[in-house]
Amino acid sequence: MTPYAPLYALHLLAAVIWVGGMFFAWMILRPAAVETLEPPARLRLWLSVFKRFFVWVWIAVLVLPVTGMGMLHMGYSGFETAPRYVHIMMGLYLVMLALFLRIQALQLPELRRAVESENWPAGGEVLGRIRRAVSSNLLIGLALMTLVAMRPSF
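Note that the sequence shown covers residues 1 to 154 in the UniProt record's numbering.
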């Protein structure tokens, strides 16, 4: 096993946890919660889900650049010799990070305040904005993983 292999494995696991978690939340949990829970219970559920999931997203957010930079230097001797898809991957990571930080720093506290004050309409509105940001992040993440799996040579 080369020193590159554990970095690649950690990098891939971090990406799968982040993007897979968003896929599960969007495609499985959200429809089930809408179908079975009233708005107050649904908003409380999402607060609990975010609390647990965002711990893993923070781990992924930290692991991805560390392992990515390690692989970059091991495989390409730096950014300037890396293929274009690696540049795109790094740029899209920054976009995904910005969307996540927006949710974490601005929207999640707003959702928490709405739930604590039992302002269900406001909570629903904030959750809708979070849902849209997560959907954007999910689409970017799926496109990014597809691009990297194809490793185009443009």
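Where is the CB? At the ideal position from N, CA and C, for every residue including glycine.
As the structure is a prediction and not an experimental result, all values here were calculated from the model.
From the options, pick the residue whose C-alpha is nearest to that of residue i; which is it?
{"i": "M96", "options": "P83, L127, S136", "result": "S136"}
{"i": "A82", "options": "Y93, L111, M69", "result": "M69"}
{"i": "H87", "options": "P152, A9, V16", "result": "P152"}
{"i": "L127", "options": "P3, L142, A41, Y4", "result": "A41"}
{"i": "V57", "options": "L43, L29, E38, Q104", "result": "Q104"}
{"i": "R129", "options": "T2, V49, R102, L147", "result": "R102"}
So, helix, strand or coil for residue i, using DSSP?
{"i": "L37", "result": "coil"}
{"i": "T2", "result": "coil"}
{"i": "G75", "result": "helix"}
{"i": "S117", "result": "coil"}
If we ignore side chains and look at the alpha-carbon of each, how far apart do residue i and residue j end up?
{"i": "E125", "j": "R52", "result": "22 Å"}
{"i": "A60", "j": "A122", "result": "30 Å"}
{"i": "V55", "j": "L99", "result": "16 Å"}
{"i": "V63", "j": "W26", "result": "23 Å"}
If you follow the alpha helix (DSSP H) that residue i is part of, which residue opens it and which one closes it?
{"i": "A98", "result": "84 to 102"}
If you pair each beta-carbon of the region 27 to 40 with each one of the region 98 to 114, do three or more pairs fall below 8 Å?
no
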